[in-house]
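At position 211 of the sequence shown the residue is numbered 210 (numbering that gives the first Met the number 0), and the sequence of numbers has no breaks.
Where is the CB? At the ideal position from N, CA and C, for every residue including glycine.
All values derive from a computational prediction rather than experimental measurement.
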Amino acid sequence: MLRTFPTRDALARPRRTAADVAVFLGAAALLWLIVRLAHGADVPWTPETGTSTVSTDPAELPYYAGRSLLRMFAALVLSIGFTFVYATAAARLRRAEKILLPTLDILQSVPVLGFLSVTITGFIALFPGSQLGLECASIFAIFTSQAWNMTFAFHHSLVSQPRDLDEASRLLRLSRWQRFWRVDVPSGMIPLVWNGMMSFGGGWFFLTASEALSVNNQKFALPGIGAYVAAASGEGDLGKVLLAVGVMVVLIVGVNVLFWRPLTAWAERFRIENSEAAEAPRSLVLDLLRRSRIPALLGRFFGKLVFPLDRALAVFGLAEYPLRFSPARRRAADIAFTVVVFGLIVYGLVRAVQFIGETTGYAEIGHVLLLGLITFARVVTLVVVGTLVWVPVGVWIGMNPRVSRLAQPIVQVLASFPANFLFPLITAVLLATGVSLDWGGILLMSLGAQWYILFNVIAGASAIPHDLREAAANLRLPRALWWRRLVLPAIFPGYVTGGITAAGGAWNASIVAEIVSYHGVTLTATGLGAYISDATGSGDAGRILLGVAVMSLYVVGLNRLFWRRLYRLAERRFSLS
């Protein structure tokens with residue numbers, strides 16, 4: 000009774016735990032690896048002395064894998080920044096949306112080689128005498144294979160945001176900066192994480208094209224696992240190709256365990272629903288971080304910067320829109336905006352047509368349109384078959400937490416694995432069986448594009464509120480009615496996003512799927528992808544521009560006439576807001 004309060008045990012400082020030591024050592028090792036790998040990016044290099052291939056010594060594979068992984072994460076950081084800025088502008092600015100969304104369709108349709116043919120010279124000139132310019136060109140190429148899918152997903156989460164969140168933001172008089180970080184990002188976190196995971200896998204697919212560069216009759220190679228596979232394929236050494244495949248599997252599983260799995264489990268905290276899942280996703284790495292005091296200490300330190308940042312960035316204004324406006328002033332501004340944009344588009348088209356006429360000639364246009372129609376048929380076949388196969392599988396995985404916990408690593412490995420690493424093996428099989436690449440190209444394209452449908456369907460099915468699932472179970476809905484009234488409407492917005500990105504990914508994949516090589520033997524399919532790949536390798540600017548323009552025409556036309564109508568239907572009828 001004479002003991003004072005608080006007790007001596009309450010005042011004692013907690014001892015350092017094993018979790019603190021593990022987190023500290025892991026962070027220190029990660030920082031050392033980043034510094035060690037980044038140091039190799041800034042070495043003397045010139046186009047004249049640069050090598051066109053890399054060593055195929057298996058002892059170099061760990062270093063190559065680290066360099067490739069560093070490029071992937073650098074591109075992911077750039078993609079996240081681009082997504083936040085671009086998608087927010089497209090969702091919040093009425094006039095900008097009319098330009099940004101069609102531009103995003105065009106950017107998605109431009110193949111990776113199309114970006115490289117334009118940007119690689121500029122990046123090399125930006126860092127003369129250093130390999131950093133070539134590194135930036137490679138990172139930018141990987142960025143172009145990641146950013147568009149994430150931007151589409153985050154934009155959809157913004158335009159389909161529940162109305163009560165919008166009203167609460169305006170009633171609380173949040174600034175635009177506060178609304179973005181406290182409302183917009185948390186509400187779109189789940190689709191952003193899942194599509195970020197998928198986009199990361201898309202970056203792996205184009206790793207070979209991003210590290211073993213063949214542009215304008217020049218060949219450059221960067222230390223990386225993609226360049227290693229290209230060199231081993233050129234030598235016809237299947238053993239080294241299979242060794243690289245094994246290293247890739249280990250790398251992808253490690254990234255899934257250490258990064259994506261903790262991130263998806265952590266993102267569950269942002270789910271908006273009235274009931275809790277029976278079994279939430281878990282991660283050993285996330286549990287370790289939660290047991291450690293280091294994240295809390297860092298949060299306490301950086302948390303002191305929140306209020307000053309809010310005050311400093313309040314100059315962007317409040318997150319509201321005027322309830323009264325002048326119709327005449329808005330109409331005049333819309334007309335001026337339309338005239339300026341239309342003038343710029345007409346000027347760009349006239350210059351492009353003149354350039355094509357002076358280089359390739361107008362007679363080439365019909366031939367390229369026909370090639371685009373052939374590749375378009377392959378894309379449609381891929382999307383239809385992918386829908387029939389992966390929608391039921393995605394719903395099964397997304398609506399069963401236990402299945403999701405077991406299947407997610409497998410799906411992540413399959414989706415992230417760069418299927419073009421297997422192209423040498425498939426090429427050998429096609430040569431042995433005599434099967435034409437005109438048909439085999441559909442399979443090769445599907446290996447890089449079908450996963451967009453699966454991942455978006457999984458994300459949509461896992462986001463179905465548990466109270467709706469419980470209501471359907473209590474009502475004992477028949478299976479057909481359960482699909483028609485609950486599942487299909489709930490996953491429809493996610494499927495549309497996946498369908499758009501899968502179609503765009505298939506067009507991009509045609510660049511590497513319609514022309515494959517192994518040990519000096521090259522198979523070429525009839526199609527637009529092979530046309531652009533051949534033009535890029537030879538440095539024919541006119542054919543590159545014509546091929547990219549025709550591919551953009553097909554992609555934008557398909558999006559405008561089909562996918563965008565489904566997109567608006569999803570916003571109008573199947574949003575959970």
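Spatially closest choice to residue i from the options, by CA coordinates
i    : options                : result
M196 : A27, H155, S51, V254   : V254
I499 : S435, Y566, R475, D533 : Y566
R350 : A548, Q449, L103, A335 : A548
A146 : R377, V109, F306, L474 : V109
R66  : I79, P46, V252, L131   : L131
I490 : E513, V511, A458, V515 : A458
W259 : V410, W389, V184       : V410
L133 : L446, L32, T120, S435  : T120
T52  : V228, I105, A472       : V228
A88  : S78, L99, G80          : L99
W506 : I441, M247, E469, Y346 : I441
A512 : L436, V428, I344, T496 : L436
W438 : L522, I463, E363       : L522
Close-in-space but distant-in-sequence residues of the same chain around residue i (CB under 7 Å, 5 per side omitted)
i    : result
G49  : F219
F375 : Y553
A264 : P280, R281, S282, L285
R292 : D19
P61  : none
F336 : R94
A86  : T150, F153, H154, L157
Cross-strand partners of residue i (DSSP beta bridge)
i    : result
P43  : S129
S174 : L317
DSSP-derived helix/strand/coil call for residue i
i    : result
V577 : Here the chain covers residues 0 to 576 and nothing more, so residue 577 does not appear.
T523 : strand
S516 : strand
L317 : strand
F205 : coil
S156 : helix
N399 : coil
G581 : The first residue shown for the chain is 0 and the last is 576, placing residue 581 beyond what the model contains.
T50  : coil
G235 : coil
R567 : helix
V367 : helix
G253 : helix
V511 : helix
A11  : Bear in mind that the predicted position of A11 carries a pLDDT of just 49, short of 50, making it too unreliable to give a figure here.
M0   : Any reading at M0 must be qualified, since the residue scores a pLDDT of 44, below 50, and its modelled position is unreliable; the value itself is stated next. Reduced to three states, the DSSP call for M0 is coil.
V554 : helix
L69  : helix
Q449 : coil
T380 : helix
P101 : helix
V76  : helix
V192 : helix
L476 : coil
L92  : coil
Residue i: first and last residue of the uninterrupted alpha helix (DSSP H) it sits in
i    : result
F269 : Looking at the DSSP string, F269 is not in any alpha helix (DSSP H), and its letter there is neither H nor E.
R484 : From DSSP, R484 is part of no alpha helix (DSSP H); its letter is neither H nor E.
D309 : 305–311
E357 : 326–358
E469 : 465–473
D19  : 17–38
V284 : 283–290
L296 : 293–302
Same chain only: Cβ atoms within 6 Å of residue i, ignoring 5 sequence neighbours per side
i    : result
G73  : Sequence inspection shows Ala at residue 73; the Gly mentioned does not correspond to that position. Excluding sequence neighbours, A73 sits near I138.
M398 : A460
A11  : Note that A11 scores a pLDDT of 49, beneath 50, so its modelled location is shaky; the value from the coordinates is reported in the next line. Here the set comprises nothing.
A193 : The sequence given here places Trp at residue 193; Ala does not occur at that position. Around W193: F454, A458.
Cβ of residue i within 8 Å of any chain B Cβ
i   : result
L60 : Absence of chain B from the displayed structure is noted, only one protein chain being present.
Residues of its chain near residue i, where Cβ-Cβ distance is below 8 Å and the 5 sequence neighbours each way are ignored
i    : result
A406 : I396
A21  : L287, S291
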